[in-house]
Structure formats: structure tokens, C-alpha cells
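First the structure, in the form of C-alpha cells, and then the observations on it.
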Amino acid sequence: MRIAVPLKDGRGLESEVCEHFGRAKYFAFVEVDDGTIKGAEVVEVPFEEHGPGDIPNFVKEHGGEVVLAYGMGRKAMAYFESLGITVVTGAYGRVKDVVEAFIHQVLEVDPHWKERIEATKHGH
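First residue of the sequence shown? That's 86 in our numbering, and the numbers climb one at a time after it.
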């Protein structure tokens, strides 16, 4: 399984999950086999500006089967689903910890991520 995670910076497994999926400059593509992380590749997002479907297609081209993200818009989620890619939102923390928790089905997500992102947009 190949898991895609938007990163706050380019440090791969040690990076934090980027809160704003569409603004991530890097994605980690984490290779998981038999419940173990086998490796991670950090790929820079190739567009300055992106339109609908650009990032889902980018993830698909790099073999992503699951996306672990914090926040994501409805359109992007629908686009991923149309490509057969599973989306998990509300994921936060260090990428390695998030992926490990997901593999072992103990990932705790923030159920209030939408409200938190709205609050930061409006400067509350």
C-alpha cells in the first residue's frame, strides 16, 4: 500500500502533516507492506497554482492509494474518490506516527478540523 501525506516541510517521515492540504509544497509517499513502513519518498508538488483535480491526479501518478490529511475540501475529496483513492481527514502530528497509527487502525483524528480551519481563515 502506498500512502500519500501532505507535508509542512520536506523532511518526510519526521515532518508534520500540513493542515492545509492544498497548500502543501511536498507530499510523502509512504510504502507500507505487511503492516510495516518500508520507505518514504518526498515529492515536491510541481505546480505554483493548482486547479481542481491537479493534486488528486499528482497523487494518483505517484501511486498513492490512501491520503492521510488534516483538512480537505469536499470537491477534492470527491475527486480522490473518483480516482479510487481513499481519503482520511483530521489526521495530525508527525507523519511517521500518523502512518503507523493508520496501519494499526488506531489513528485518532480531529473530528473538529473543519471548524478549526474556518476559524483560522477568519482570524479568530
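Glycine included, each C-beta is placed from N, C-alpha and C at the ideal position.
In this text, all values refer to a predicted model and were calculated from it rather than measured experimentally.
query: Own chain, CB closer than 6 Å to Asp94, minus 5 neighbours either side, in chain order; result: Ser100
query: Boundaries of the beta strand (DSSP E) in which Ile88 is found, first to last residue; result: 87-92
query: Separation of Glu104 from Val172, as counted between CA atoms; result: 14 Å
query: Completely contained beta strand (DSSP E) runs for the segment 87-132, where each covers 3 or more residues; result: 87-92, 111-118, 121-129
query: Anticipated Cβ contact below 8 Å, Ala154 with Val102, distance rounded; result: 7 Å
query: Arg179 - partner residues in DSSP beta bridges; result: Glu101
query: Burial state of Val151 (16 or more Cβ within 10 Å); result: buried
query: Same chain, Cβ closer than 7 Å to Pro91, neighbours up to 5 away in sequence not counted; result: Val102, Cys103, Phe106, Ala109, Phe112, Ala154
query: Straight-line Cα distance separating Ser167 from Val130; result: 21 Å
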